[in-house]
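Residue numbers (full-length UniProt numbering): 1 to 523.
Backbone N, C-alpha and C fix where the C-beta goes; we use that ideal spot for every residue, glycine too.
To start, the structure under review is shown below, and the notes come after it.
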């Protein structure tokens, strides 16, 4: 399959297997032929509205199939789909839609009150994924009468195909523009590395606005396999679906894996057809990973990736998941670069390459690198200090890590690093130790102001159900395992930690109360 753009994929499979189920929820599905006809109708309806090449069309939806239809239809007419985080406030949502200059909006019925609060002067038409109400038509009714034949607009591999917004954990979200080439490379890389082909079924519980959620919609389409979509993640329902729907592959975040392990009678689930669980998006404790490996008895693959690289930069492959023996240390690794990517570790101060084993900023070169930050040339230039090349250019990830024997080890976000008394402390290292305590279910390490040391190490902890833990006990536990300057000086106990919909910790929310009114900005 020599696809040049995303527009080549669906016609290829619709011509060869028109009646084969391509995607859907557990109780209903759409064949490749039916999906192509619907995509063409949506494309014609957009053209009828006046949407033209380069225009942005936004969606605020939990429904993967409708998001996929809109994305493919937009690509086919030369427009760009812009999925938006459905957990945002009205103000944040308004900022993204207006920043992206979206001219069309598709939203779920439950989000229409939020939509109606926002001022969206550029949006020509809003439709509802479910039944419409008054001035807002339902999505099916809106495109249903359009012609189901549509010739694709001219497109090249480097043209924009998708615009996602960074999570905003460190400031205002930026529009990340991804090309056809970048997204196809992600599909090619995952299909090859995961051995995902037309006989495979992928369970996708990740949100539509996340790069992994979008990639997992495109992967089964690319390979001619099947997508089973989950609008919301329910651990018990997801476990049931693995056996019932014959799911062979999935990609989840570590928090989801923890929820699955906590489901009553999880050990009695049917996992015989499950070949691989890919995981990523946030750190995972070694304890949780080993429990999951024992429970599900399938291949495990860690993904290190970013929105800006259209998903994957490195994989820790199943053969490197060995809890015992002299290679067990690799479970702390993010793996090796994949799909032609190259990695460098760069001293953020001198911009010189760091030696093997020394922590620095991770730089990534790959054709999957994003095209630009939308309408933000200054930020785009800062992300590529040496400029762009045919290989994608070297992108500054903002993540801190080191290389050892060709494997990447993630330390933290560069901006999350704590400087206490002139010593650098990487929160992920401390978090990994804290998570080893049997009473700890979740934790986050961050900096708080300290009059003597500038910054001090604090940890927020969620205690396991039925567990008991004191501040002095946990600090003592850490001091037995870490250099004392790295250890928490204080502990906050919480019922839950603030996370975004993909499971990423929002450390700025934890830091805010301690840094409010001070000179340092909470990033």
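Are three or more beta carbon pairs between the stretch 47-54 and the stretch 63-81 nearer than 8 Å? yes
Backbone secondary structure at residue 458 - three-state DSSP: As a first step, residue 458 must be located in the chain shown, where it is residue number 458. DSSP places residue 458 in strand when its eight states are reduced to three.
Cβ atoms of residue 317 and residue 301: under 8 Å apart, would you say? The count along the chain shown starts at 1 and reaches residue 301 at position 301. The count along the chain shown starts at 1 and reaches residue 317 at position 317. Yes, Cβ-Cβ distance for residue 301 and residue 317 is below 8 Å.
What are the boundary residues of the alpha helix (DSSP H) that residue 215 is part of? As a working mapping, residue 215 is identified with position 215 in the chain shown. Taken as a continuous stretch (DSSP letters only), the alpha helix (DSSP H) holding residue 215 covers 211-223.
For residue 249, which beta-bridge partners are listed by DSSP? Residue numbering aside, residue 249 sits at position 249 when the chain shown is read from its first letter. Answer is 202, 276, bridged to residue 249.
Option nearest residue 175 by Cα separation, candidates 407, 88, 82: Locating residue 175 in the chain shown gives position 175, where the first residue counts as 1. Nearest option by C-alpha distance: 82.
Relative to the C-alpha of residue 480, which candidate in 415, 436, 442 has its C-alpha closest? Translated into positions along the chain shown, residue 480 becomes position 480. Of the listed residues, the one whose Cα sits closest to residue 480 is 436.
Limits of the alpha helix (DSSP H) - the one that residue 254 falls within: Here residue 254 refers to the residue found at position 254 when the chain shown is read from its first residue. Run containing residue 254: 254-261, per the alpha helix (DSSP H) assignment.
Spatial neighbours of residue 290 in its chain, beta-carbon cut-off 6 Å, leaving aside the 5 residues before and after: Here the question's residue 290 lines up with position 290 in the chain shown. Only 323 meet the Cβ criterion.
Using 8 Å as the threshold, is the stretch 59-73 in touch with the stretch 126-140, meaning 3 or more CB pairs across them? yes
Helix or strand or just coil, what does DSSP make of residue 81? Sequence index remark: in the chain shown, residue 81 carries index 81 (1-based). Reduced to three states, the DSSP call for residue 81 is strand.
If I'm right that residue 201 touches residue 224 with Cβ under 8 Å, what's the distance once you round it to whole angstroms? Numbered from its first residue, the chain shown carries residue 201 at position 201. Numbered from its first residue, the chain shown carries residue 224 at position 224. With a Cβ gap of about 12 Å, residue 201 and residue 224 do not count as contacting.
Below 7 Å CB to CB, which residues in the same chain sit around residue 101 once its five sequence neighbours on both sides are set aside? Residue numbering aside, residue 101 sits at position 101 when the chain shown is read from its first letter. Correct list, in chain order: 56, 122.
If we count the other Cβ atoms within 10 Å of its Cβ and call it buried at 16 or more, is residue 525 buried or exposed? The requested residue 525 is not part of the displayed model; the chain covers only 1 to 523.
Look up residue 345 in the DSSP assignment and say whether it is helix, strand or coil. Within the chain shown, residue 345 is the residue found at index 345, counting from 1. Residue 345: strand per DSSP, three-state reduction.
Just checking my contact of residue 279 with residue 336 at CB under 8 Å: how many whole Å lie between their CB atoms? The count along the chain shown starts at 1 and reaches residue 279 at position 279. The count along the chain shown starts at 1 and reaches residue 336 at position 336. Rounded, the Cβ-Cβ distance is 16 Å, inconsistent with contact.
Nearest candidate by alpha-carbon position, reference residue 417, set 463, 212, 360, 73: Counted from its first residue, the chain shown places residue 417 at position 417. Residue 360 is the option with its Cα nearest to residue 417.
Delimiting residues of the beta strand (DSSP E) encompassing residue 126: The sequence position of residue 126 within the chain shown is 126, counting from 1. Per DSSP, residue 126 belongs to the beta strand (DSSP E) from 125-128.
Skipping 5 residues on each side, what residues in its chain have a beta carbon closer than 6 Å to that of residue 467? Looking up residue 467 in the chain shown gives position 467. Excluding sequence neighbours, residue 467 sits near 439.
For residue 404, three-class secondary structure by DSSP: Counting from one through the chain shown, the residue named residue 404 turns up at place 404. The answer is strand: DSSP assigns residue 404 an E or B state.
With DSSP run on the structure shown, which of helix, strand or coil describes residue 133? Numbered from 1 along the chain shown, position 133 holds the residue referred to as residue 133. Correct three-state label for residue 133: strand.
Quick check on residue 487: does DSSP put it in helix, strand or coil? Counting from 1 along the chain shown, the entry for residue 487 is found at position 487. Three-state result, residue 487: coil.
Alpha carbon to alpha carbon, how far is residue 15 from residue 169? Give it in angstroms, no decimals. For the purposes of this step, residue 169 is identified with residue 169 of the chain shown, where counting begins at 1. For the purposes of this step, residue 15 is identified with residue 15 of the chain shown, where counting begins at 1. Model confidence at residue 169 stands at a pLDDT of 46, short of 50, so the residue's coordinates are unreliable; what they give is reported in the following sentence. So the two alpha carbons sit approximately 43 Å from each other.
For residue 169, name the three-state secondary structure that DSSP assigns. Residue mapping note: residue 169 aligns to position 169 of the chain shown, counting from 1. Confidence at residue 169 is low in this model, with a pLDDT of 46, below 50, so the placement of that residue should be treated as unreliable; the coordinate-derived value is given next. Coil at residue 169, not helix or strand.
Can you list, in chain order, the residues of its chain whose CB lies under 7 Å from that of residue 222, leaving out five sequence neighbours each side? For the purposes of this step, residue 222 is identified with residue 222 of the chain shown, where counting begins at 1. Excluding positions up to five away in sequence, the list reads 9, 187, 191.
Terminal residues of the continuous beta strand (DSSP E) containing residue 31? Here the question's residue 31 lines up with position 31 in the chain shown. From DSSP, the beta strand (DSSP E) with residue 31 extends over 28-31.
Hey, how far is the Cα of residue 484 from the Cα of residue 160? Against the chain shown, residue 484 aligns to sequence position 484. Against the chain shown, residue 160 aligns to sequence position 160. Approximately 49 Å between the Cα atoms of the pair.
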